[in-house]
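> FYI, my numbering numbers position 44 of the sequence shown as 86, with every residue one higher than the one before it. Think of the CB as a built atom: it goes at the ideal place given N, C-alpha and C, for glycine as much as any other residue. All of these numbers come straight from a predicted model, not from anything done at the bench. Quick one: the structure is below, and I'll ask about it shortly.
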Amino acid sequence: MSDGDSVKKVQVSLVLAGFLRLLARRPEIPAATIADVVLFTAGEKVAVRFAVPTEVRTELDHWASDCGLAADSRTMGIKRVADWTCVGVDESLATEHLDVVVYARSQKDASVICETETSGTSAQAGLLLGYPPCCVAAYECYSKGPADWIGRALARSGAGPFPCWANRLPLSWGAPTFIGELYPCSFDCASATRRGRLVFELLQEFGLEKLAQTILAQAILPVAGGSIAAPRETKRVNTAPDLLLEFVE
Ligand SMILES: [Zn+2]
């Protein structure tokens, strides 16, 4: 085994396995974040971001500290619109408060991204978090009418069928996806598709074959009567810890 391989193995074990153990215990952590942590573990993202209650952030802080990661966080007012979480709304509109926390391998990255994310410049934060520029631009458009982001995405997508790799819809019923927290600019976006496919490949490379196949099965949606239906056997990974803990060390 080369030095590079052993460094990678330690990172996977510490960062990803540690995160999955925490996720199995804490259903408050969005399952969407699995894909982002996989990309971060592989060095494909400089930082990961969570919006969670303070007590969950404290546990994430322990995980990050064990992994030698830097952190920065702010408590923000939140309002939920359909499956959209509006962060940093006026206090008069906030229905709850969550901690937005960013973990990175350098303190500078964690602080810059946290400040950008929480100061109302979400497009810049999206680029710093490694999201494709086309999808970051579309996010700005979606955010003007979050309740109808799916309709707007479909209007940009052309005729289906669409590749399963950039399918975000399973998040609506609590299942994870390969594109994590990314809102694709269309269900046919080449950059989002490439990213989702990479997460699928990395999950297998990291020994998480069963999790990869479960997410894949849920990303391929049955279409009934012209509309998309949730699969009957949805696995919400946060309530199926055995799926998360299959990790081979
Ligand atoms: Zn895109």
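Using C-beta distances below 6 Å, list every residue in its chain close to Glu138, excluding the 5 sequence neighbours before and after it, in chain order.
As a position in the sequence shown, residue 138 is number 96, starting the count at 1. Hits under 6 Å: Ile120.
> Taking only three categories from DSSP, how would you classify Phe248?
Within the sequence shown, residue 248 is the residue found at index 206, counting from 1. In this structure, Phe248 counts as coil in the three-state DSSP scheme.
> By DSSP, does Val131 sit in helix, in strand, or in coil?
Translated into positions along the sequence shown, residue 131 becomes position 89. Coil at Val131, not helix or strand.
> Tell me where the beta strand (DSSP E) around Leu140 begins and ends.
Along the sequence shown, read from residue 1 onward, the residue named residue 140 stands at position 98. Taken as a continuous stretch (DSSP letters only), the beta strand (DSSP E) holding Leu140 covers Glu138 to Ala146.
> Have a look at the DSSP bridge pairing and note the partners of Ile120.
Position 78 of the sequence shown, counted from the first residue, corresponds to residue 120. In DSSP, Ile120 forms a bridge with Val129 and Glu138.
> Cβ atoms of Tyr173 and Leu213: under 7 Å apart, would you say?
Locating residue 213 in the sequence shown gives position 171, where the first residue counts as 1. Locating residue 173 in the sequence shown gives position 131, where the first residue counts as 1. Not a contact, by the Cβ cut-off of 7 Å.
> Using the three-state DSSP reduction, which class does Val90 fall into: helix, strand or coil?
Numbered from 1 along the sequence shown, position 48 holds the residue referred to as residue 90. The answer is strand: DSSP assigns Val90 an E or B state.
> Whose C-beta lies closer than 6 Å to the C-beta of Cys128 among residues of the same chain, with five residues either side of it excluded?
As a working mapping, residue 128 is identified with position 86 in the sequence shown. If we look at Cys128 and ignore the five residues flanking it on each side, its Cβ neighbours are Lys121.
> Would you check if there are 3 or more beta carbon pairs closer than 8 Å linking the region 88-105 to the region 139-150?
They touch, by the three-pair rule.
> Measure the beta-carbon distance from Val80 to Leu211 and round it to whole angstroms, keeping in mind my assumption that it falls under 8 Å.
On the sequence shown, residue 80 is found 38 positions in, with the first residue counted as 1. On the sequence shown, residue 211 is found 169 positions in, with the first residue counted as 1. Not confirmed; about 20 Å, so no contact.
> Taking just the CA atoms, how far does Leu111 sit from Thr100?
As a working mapping, residue 100 is identified with position 58 in the sequence shown. As a working mapping, residue 111 is identified with position 69 in the sequence shown. Computed Cα separation, rounded: 14 Å.
> Nearer than 6 Å: is that true of the beta carbon of Glu174 relative to any heavy atom of ligand 1?
For the purposes of this step, residue 174 is identified with residue 132 of the sequence shown, where counting begins at 1. The displayed chain sequence assigns Pro, not Glu, to residue 174. Within the cutoff, so yes.
> Let's see if you can read the secondary structure: which residues bound the alpha helix (DSSP H) around Tyr181?
If you number the sequence shown from 1, residue 181 lands on position 139. Where Tyr181 is concerned, the enclosing alpha helix (DSSP H) stretches over Pro175 to Tyr184.
> When the Cα atoms are used, what is the spatial distance from Ile262 to Asp78?
Numbered from its first residue, the sequence shown carries residue 262 at position 220. Numbered from its first residue, the sequence shown carries residue 78 at position 36. Using only the alpha carbons, I get a separation of about 20 Å.
> Could you check whether the Cβ of Ser55 sits closer than 6 Å to any heavy atom belonging to ligand 1?
Here residue 55 is taken as the residue at index 13 of the sequence shown, counted from 1. No, Cβ of Ser55 sits at least 6 Å from all heavy atoms of ligand 1.
> Per DSSP, Asp114 is paired with what?
Within the sequence shown, numbered from 1, the residue matching residue 114 stands at position 72. DSSP lists Val144 as partners of Asp114.
> So does Ser199 have its beta carbon nearer than 6 Å to some heavy atom of ligand 1?
In the sequence shown, counting from the first residue as 1, residue 199 sits at position 157. Not under cutoff, so the answer is no.
> Does the region 188-201 come close enough to the region 216-233 to have 3 or more Cβ pairs within less than 8 Å?
Cβ pair count under 8 Å is three or more, so yes.
> How about Gly238 and Trp215: do their beta carbons lie closer than 7 Å?
Position 196 of the sequence shown holds residue 238. Position 173 of the sequence shown holds residue 215. No, these two residues do not count as a Cβ contact at 7 Å.
> Could you pull the start and end residues of the alpha helix (DSSP H) that Cys156 belongs to?
Taking the first residue of the sequence shown as 1, we reach residue 156 at position 114. Taken as a continuous stretch (DSSP letters only), the alpha helix (DSSP H) holding Cys156 covers Gln149 to Thr160.
> Is the separation between the beta-carbon of Trp105 and that of Gly60 shorter than 7 Å?
As a first step, residue 105 is located in the sequence shown; it is residue number 63 there, counting from the start. As a first step, residue 60 is located in the sequence shown; it is residue number 18 there, counting from the start. The answer is yes: Cβ separation under 7 Å.
> Taking 6 Å as the line, does the beta carbon of Cys206 fall inside it for any heavy atom of ligand 1?
On the sequence shown, position 164 is the one that residue 206 refers to. No; taking the cut-off as 6 Å, the Cβ of Cys206 has no heavy atom of ligand 1 nearer than that.
> If the criterion is Cβ atoms closer than 7 Å, does the pair Asp108 and Cys156 meet it?
What you label residue 108 is simply residue 66 of the sequence shown in a count that begins at 1. What you label residue 156 is simply residue 114 of the sequence shown in a count that begins at 1. Not in contact: Asp108 and Cys156 (Cβ atoms no closer than 7 Å).
> Quick one: grab the DSSP three-state call for Ser228.
For this step, residue 228 is matched to residue 186 along the sequence shown. Ser228: coil per DSSP, three-state reduction.
> Does the Cβ of Ser233 lie closer than 6 Å to at least one heavy atom of ligand 1?
Residue 233 sits at position 191 when you count from the first residue of the sequence shown. Ser233 Cβ: within cutoff of ligand 1.
> Can you find a heavy atom of ligand 1 that lies under 6 Å from the Cβ of Cys109?
Within the sequence shown, residue 109 is the residue found at index 67, counting from 1. No, Cβ of Cys109 sits at least 6 Å from all heavy atoms of ligand 1.
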